[in-house]
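There are 4 protein chains.
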Amino acid sequence: MHKISFKNDYSEGAHPLILQQLLRTNLEQQAGYGNDSYSQRAKELLQEKIAMPAAGIHFTAGGTQANLLVIGHLLKPYEAVISARTGHIAVHETGAIEATGHKVVLVDAVLGKLTVQAVKEVLDTHTDEHMVKPAMVYISNATELGSVYTKAELTELSVFCRERKLQLFMDGARLGSALTSRFNDLTFSDLAKLVDVFYIGGTKNGALLGEAIVFAKQGLDEGFRYYLKQKGALLAKGRLLGVQFLTLFEHDLYLELAHHANAMAEKIAAAFEEKGYAFFLPPQSNQLFPLLPNAMIEKLQERFDFYVWHKPDQHTSAIRLVTSWATEEENVDAFIRCIHS
Amino acid sequence: MHKISFKNDYSEGAHPLILQQLLRTNLEQQAGYGNDSYSQRAKELLQEKIAMPAAGIHFTAGGTQANLLVIGHLLKPYEAVISARTGHIAVHETGAIEATGHKVVLVDAVLGKLTVQAVKEVLDTHTDEHMVKPAMVYISNATELGSVYTKAELTELSVFCRERKLQLFMDGARLGSALTSRFNDLTFSDLAKLVDVFYIGGTKNGALLGEAIVFAKQGLDEGFRYYLKQKGALLAKGRLLGVQFLTLFEHDLYLELAHHANAMAEKIAAAFEEKGYAFFLPPQSNQLFPLLPNAMIEKLQERFDFYVWHKPDQHTSAIRLVTSWATEEENVDAFIRCIHS
Amino acid sequence: MHKISFKNDYSEGAHPLILQQLLRTNLEQQAGYGNDSYSQRAKELLQEKIAMPAAGIHFTAGGTQANLLVIGHLLKPYEAVISARTGHIAVHETGAIEATGHKVVLVDAVLGKLTVQAVKEVLDTHTDEHMVKPAMVYISNATELGSVYTKAELTELSVFCRERKLQLFMDGARLGSALTSRFNDLTFSDLAKLVDVFYIGGTKNGALLGEAIVFAKQGLDEGFRYYLKQKGALLAKGRLLGVQFLTLFEHDLYLELAHHANAMAEKIAAAFEEKGYAFFLPPQSNQLFPLLPNAMIEKLQERFDFYVWHKPDQHTSAIRLVTSWATEEENVDAFIRCIHS
Amino acid sequence: MHKISFKNDYSEGAHPLILQQLLRTNLEQQAGYGNDSYSQRAKELLQEKIAMPAAGIHFTAGGTQANLLVIGHLLKPYEAVISARTGHIAVHETGAIEATGHKVVLVDAVLGKLTVQAVKEVLDTHTDEHMVKPAMVYISNATELGSVYTKAELTELSVFCRERKLQLFMDGARLGSALTSRFNDLTFSDLAKLVDVFYIGGTKNGALLGEAIVFAKQGLDEGFRYYLKQKGALLAKGRLLGVQFLTLFEHDLYLELAHHANAMAEKIAAAFEEKGYAFFLPPQSNQLFPLLPNAMIEKLQERFDFYVWHKPDQHTSAIRLVTSWATEEENVDAFIRCIHS
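Protein chains in written order, with the working numbering: chain B, 12 to 352; chain E, 12 to 352; chain P, 12 to 352; chain F, 12 to 352.
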């Protein structure tokens with residue numbers, strides 16, 4: 012029997028509405044390279060959604076690509092980006108940022124979230140031309156550990172970064188899940204005010220592929236289309252990205268899908284709590300890290316796929332469960348039954 | 012009235028069969044990053060098609076990306092690639108190859124096609140460490156000027172390159188159109204024998220996006236997946252590329268689509284010839300470059316979109332017309348009527 | 012017998028005064044990385060010499076290094092530099108500029124000198140994000156072919172570049188020879204007004220090593236010391252460069268040395284002219300390209316070393332002779348006697 | 012009064028013998044770019060010294076340059092180098108390694124020295140193409156904290172690296188001080204057997220500038236001269252480096268100078284120990300890190316220059332004192348008197 016996977020949030024294709032819209036518009040002739048009418052309308056819709064009519068919006072294929080494009084575009088050769096040690100750019104992008112020539116300065120974080128104090132310490136020790144010049148702060152929301160930033164936390168970082176002339180960049184590969192978390196009090200327009208650049212992840216929230224990079228500050232994306240082209244990131248049929256983001260944002264499908272992912276995660280989390288299991292990391296979005304006896308893990312593995320994340324001792328492990336827009340409730344129920352049995 | 016476009020071969024979406032297959036497989040859970048069963052089967056199918064069971068095959072999103080990945084992967088830092096002055100990497104990729112650190116050494120070509128003589132002259136003048144070390148030859152088939160390589164021409168280049176330890180790389184963004192040209196006598200398996208690496212263009216021949224890079228020589232792609240990831244080219248939902256190439260190659264759809272594009276171009280070319288118009292560049296594939304009186308061009312522009320390519324004198328211009336898998340014969344007929352009227 | 016070399020202008024060590032100053036200051040304790048008092052004074056002296064008290068001046072070890080540092084510092088990733096096809100960065104730097112990620116756009120030049128017309132043609136054909144964005148013009152003075160720019164020529168380029176927002180960069184590896192040419196009407200302070208950045212070559216004019224990069228416009232060198240360090244170009248004992256430039260410019264030694272090199276070249280040129288030999292390229296500075304019968308060349312080669320540059324026909328070749336600050340007049344006389352014999 | 016500096020080992024110029032040799036050979040005509048007879052003889056001498064007649068030896072201007080050249084030359088784009096968190100490439104080179112595209116993976120070390128265990132942990136966590144591929148281990152000897160590797164420690168690392176196909180690279184900016192340390196039991200020829208590539212630092216041990224990179228394994232430096240040229244590291248007057256290394260190694264001057272530096276450090280260390288002061292890091296070479304009461308530090312600062320390194324508490328600080336080949340014993344004695352007073 013094929014196992015049900017909770018390994019990640021990109022195991023399925025796209026939300027059916029997206030495929031319908033691709034089909035419907037398929038044979039229209041459109042301009043290439045993102046100059047099509049769908050990409051245009053999608054950008055306007057996003058500018059409206061974030062309440063920044065002059066924001067520079069660019070669609071790109073994936074998260075690693077978005078990260079290297081933004082960072083490579085905004086930094087001078089000797090400038091560096093500060094990241095949590097657990098940040099995606101620090102761990103799981105095969106040195107993509109370094110390959111653009113920039114150092115990623117790593118700092119300890121709290122449940123995956125950067126603090127002003129950690130950033131400040133980097134500034135305090137990087138004071139002359141013998142060291143890289145920290146010029147950007149990279150954060151993820153939701154983080155790689157499933158946590159989400161509150162408005163207070165983000166504001167504190169934002170104020171500090173502006174004071175110290177650091178650009179603040181939010182990786183939003185899982186932004187939908189962050190903004191629909193029970194712990195969230197941020198809106199799209201808050202983001203556009205508090206960070207300099209962020210991206211709205213489509214790949215992990217219902218699109219076939221695609222992230223929408225938002226340069227909130229006017230002018231920050233000057234020349235960015237050249238950079239996109241140079242890095243092989245300007246799709247000939249840019250409509251593919253435009254149609255998808257238009258579909259995701261025309262009727263708030265984006266947040267609905269993310270809400271579903273979180274709801275499925277909460278249902279599982281509640282079941283673990285009910286059974287008295289603790290969490291290695293507190294559940295806040297669509298990633299769960301319960302601490303389970305190894306016997307329970309083996310039982311679950313018979314029918315379900317997921318990563319074993321951490322082994323604190325001989326008898327117990329933390330696993331990672333990821334839900335998505337496509338997670339079917341009946342599979343969640345089957346999983347919960349398996350916990351209870 | 013919306014004009015009919017002959018500007019390029021990526022104005023429409025995908026061949027409907029591709030979208031059907033995406034829909035059909037959409038909700039299956041599959042492994043990410045190209046490890047899905049569709050990508051796997053597509054690779055095997057291509058290995059079979061080129062009669063190289065050990066070929067290394069990797070799917071990527073677009074042509075510029077494929078070019079920079081292949082060249083950046085295979086060259087040492089101080090090595091350079093030789094290209095026709097009209098080569099896509101030389102002109103229309105915003106310095107993507109230079110951005111990986113490599114010089115593109117430009118040479119004159121014959122109708123867009125490289126000659127052994129031109130390559131030899133580069134080797135003769137690049138003899139020590141004060142100049143880059145030429146290590147690769149880049150050709151396009153079909154070329155940027157619509158011409159195609161014959162088996163004799165490609166064999167001559169191949170023999171020379173192997174003698175001189177140059178890698179031979181064929182950009183196949185329009186490979187379908189080349190292999191179905193009336194002037195072609197090459198097969199997929201000839202390519203795999205004669206060049207070291209090539210790619211099979213999907214974007215311009217029926218796919219939503221996607222190129223299949225083929226490393227014909229075993230081992231040449233060692234570590235290439237690391238490089239794909241580092242350059243932001245490894246799609247989380249790699250199935251998107253796998254499903255498309257599987258569809259294109261399961262029933263020879265790929266060559267059928269290219270054949271249609273060429274047939275439409277030939278029909279237009281025949282009409283020009285019948286009317287006595289000359290060609291700036293001889294028609295060989297799905298790109299046509301007729302020389303027309305400016306008055307005729309203006310008349311055509313009322314209903315059709317295309318690029319004016321070259322202005323040899325005050326009264327005449329060469330235009331570029333591109334047909335594709337999606338070009339409807341009725342639009343071709345309308346265009347021809349306009350020539351005749 | 013050891014042959015006398017006219018192969019280049021870096022066959023000897025340093026002018027003896029320089030070595031004396033290095034000896035005299037050798038055991039003083041000085042700050043590192045160019046923060047020593049000699050570098051400081053040398054910078055002030057150069058600022059005075061060019062009549063730009065706010066110019067940013069940085070010493071570096073060699074010409075290729077200076078070129079890649081300046082270009083890499085001033086260009087954004089997708090920006091390109093325009094160079095004569097014969098430019099040093101285009102030919103003899105092993106792709107150093109491309110290795111910083113930037114394309115060198117090549118144009119035809121007149122005796123090695125760039126024209127406004129050639130630059131304009133590049134701008135006219137580079138109009139969107141599918142091509143690199145030309146942002147800098149690179150010229151050499153003296154050029155690689157021994158020619159020098161007049162004030163009128165440089166002014167024309169300068170005006171055009173400012174109109175079109177191109178940075179103008181002059182490679183001055185042989186600036187001394189240019190400024191002391193009979194054909195020159197430019198001064199150091201003219202340069203500082205007409206170009207955005209240039210360097211004053213020491214290696215080929217009396218120093219052990221060293222070029223003084225001059226950013227004429229204030230602020231253009233912001234962050235440049237970080238870039239120097241990152242590229243391995245910030246010498247721990249920066250005094251080595253400071254002492255040398257101080258010595259070269261304290262008593263106009265720099266121009267005296269260059270004047271000597273030119274005088275020696277003129278003497279040889281006059282001898283060729285007297286004997287009725289033509290020049291492949293008109294003699295203007297310390298590089299001569301006489302056209303000689305091959306028999307004469309063979310006779311000269313018995314006692315002298317030089318490059319054979321070009322072979323226009325079976326009987327005649329152009330050779331390259333280079334004189335320097337260190338060329339002894341008795342060797343020049345011996346060479347002339349050999350022509351006459 | 013000018014203070015006596017113990018800030019670093021590059022405050023003075025060159026050992027007088029070196030300047031004498033530069034003067035003596037100054038006006039000889041020599042081939043450029045390291046093809047001069049002095050560089051040639053220096054290479055042969057070093058090959059003999061390390062008992063590796065086929066070793067590839069290349070001279071370069073400084074330590075950061077040597078590091079980026081070696082690492083950039085030997086790694087594929089997606090490969091990374093492992094370094095102690097305190098390694099020079101990790102801290103004080105302004106991201107020079109990352110600027111060649113490579114990630115530096117940081118690990119904890121013991122007094123600046125890498126352990127097999129730390130390297131092993133990196134390998135255990137870097138297992139697929141979503142992370143960089145560790146391919147080289149970087150160590151410094153002496154380390155940035157003044158410690159030195161024993162033969163046993165280096166052998167253990169070497170055996171492990173060869174087993175796991177990691178290249179082992181030793182930064183020898185302070186190699187002289189390491190090899191003449193009381194704690195050392197390694198010879199030059201041991202190094203050549205145990206590491207794949209290392210460099211012999213000249214800048215910090217008597218040269219004006221210069222490091223000798225040694226590729227111990229034949230073939231490892233294939234193409235390296237192209238890379239040197241491309242990175243602006245091939246000096247036109249390469250004789251400047253050749254003459255210096257010839258002088259340093261003809262009569263064992265290199266080790267004599269380093270021995271002097273260590274002897275001066277030991278004399279100071281003995282004085283601190285006699286007075287009962289502890290060390291923040293154990294003294295092993297020419298860098299000392301005594302822990303002193305702040306009042307003592309202030310007294311010393313009246314006449315001497317040095318860095319305050321660390322402030323463990325309110326009353327005490329660790330300072331860094333560096334001695335060199337040029338440290339005069341009378342200054343050491345003055346310093347010691349100041350401690351005792």
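In this text, a Cβ means the ideal position worked out from N, Cα and C, and glycines have one as well.
- Within chain F, not a single residue places a beta-carbon under 7 Å from that of residue 145 of chain E; the smallest gap is close to 12 Å.
- In this structure residue 352 of chain B is exposed. Its beta-carbon is surrounded by fewer than 16 other beta-carbon atoms within 10 angstroms.
- Residues of chain E with a Cβ closer than 7 Å to the Cβ of residue 114 of chain P are, in chain order, 106 and 109.
- In this chain, the alpha helix (DSSP H) harbouring residue 27 of chain E covers 27-36.
- Note that the segment 262-282 of chain E touches the segment 326-343 of chain E; at least 3 beta-carbon pairs, one per stretch, sit closer than 8 Å.
- Here residue 324 of chain F is exposed. Its C-beta has fewer than 16 other C-beta atoms within 10 Å.
- Take residue 44 of chain F, set aside five residues on each side of it, and the residues of its chain with a beta-carbon closer than 6 Å to its own are 245 and 249, in chain order.
- Shown here for residue 200 of chain F: same chain residues with a beta carbon closer than 6 Å to its own, the five before and five after excluded, namely 61 and 62 in chain order.
- Here the C-alpha atom of residue 191 of chain B lies approximately 28 Å from the C-alpha atom of residue 231 of chain B.
- When the beta-carbon positions are compared, residue 321 of chain F and residue 291 of chain F come within less than 8 Å of each other.
- A straight line joining the alpha-carbon of residue 299 of chain P with that of residue 39 of chain F spans about 22 Å.
- The beta-carbon of residue 69 of chain B is placed no less than 8 Å from the nearest beta-carbon of chain P.
- Only residues of its own chain outside the window of five on either side were considered, and among them 23 have a CB closer than 7 Å to the CB of residue 337 of chain E, listed in chain order.
- Using a Cβ distance threshold of 8 Å, residue 77 of chain B and residue 222 of chain B count as a contacting pair.
- Residue 182 of chain B has B:151 as its beta-bridge partners, per DSSP.
- Looking from the CA of residue 255 of chain E, the closest CA among E:13, E:105 and E:26 belongs to E:26.
- Only exposed fits residue 64 of chain P, as fewer than 16 other CB atoms lie within 10 angstroms of its CB.
- The DSSP-derived three-state label of residue 105 of chain E is coil.
- Counted as a single uninterrupted DSSP element, the beta strand (DSSP E) harbouring residue 208 of chain F occupies residues 208-212.
- Taking C-alpha positions only, residue 350 of chain P is separated from residue 339 of chain P by approximately 17 Å.
- If you draw a straight line from the Cα of residue 149 of chain B to the Cα of residue 276 of chain B, it comes to about 26 Å.
- With a cutoff of 8 Å on beta-carbon distance, residue 151 of chain F and residue 182 of chain F are scored as near each other.
- Using a CB distance cut-off of 8 Å, residue 87 of chain E does not count as an interface residue toward chain B.
- The three-state reading of DSSP puts residue 314 of chain P in coil, since its state is none of H, G, I, E or B.
- Within the same chain, and ignoring the five residues on either side of residue 75 of chain B in sequence, the residues whose Cβ sits closer than 6 Å to its Cβ are 104 and 107.
- Counting other Cβ atoms within 10 Å of its Cβ, residue 284 of chain E stays below 16 and is therefore classed as exposed.
- Residue 271 of chain F and residue 261 of chain F have their alpha carbons spaced roughly 18 Å apart.
- Sequence-distant Cβ neighbours of residue 36 of chain E in its own chain, meaning closer than 8 Å and more than five residues away, are 49, 250 and 254.
- Per DSSP, residue 298 of chain F lies in no alpha helix (DSSP H); the unbroken beta strand (DSSP E) holding it starts and ends at 298-304.
- In the DSSP assignment, residue 71 of chain E falls within the unbroken beta strand (DSSP E) covering 67-71.
- Residue E:158 holds the alpha-carbon nearest to the alpha-carbon of residue 123 of chain E among E:117, E:132 and E:158.
- Residue 327 of chain E carries a strand assignment under DSSP once its states are collapsed to helix, strand and coil.
- Rounded to whole angstroms, the separation of the alpha carbons of residue 218 of chain B and residue 32 of chain E is 16 Å.
- Residue environment analysis places residue 138 of chain P among the exposed positions, since fewer than 16 neighbouring C-beta atoms fall within 10 angstroms of its C-beta.
- Taking a beta-carbon distance threshold of 8 Å, residue 287 of chain E does not count as an interface residue toward chain F.
- A distance below 6 Å between beta-carbons, with the five flanking residues on each side excluded, links residue 208 of chain E to the following residues of its chain, in chain order: 81, 180 and 226.
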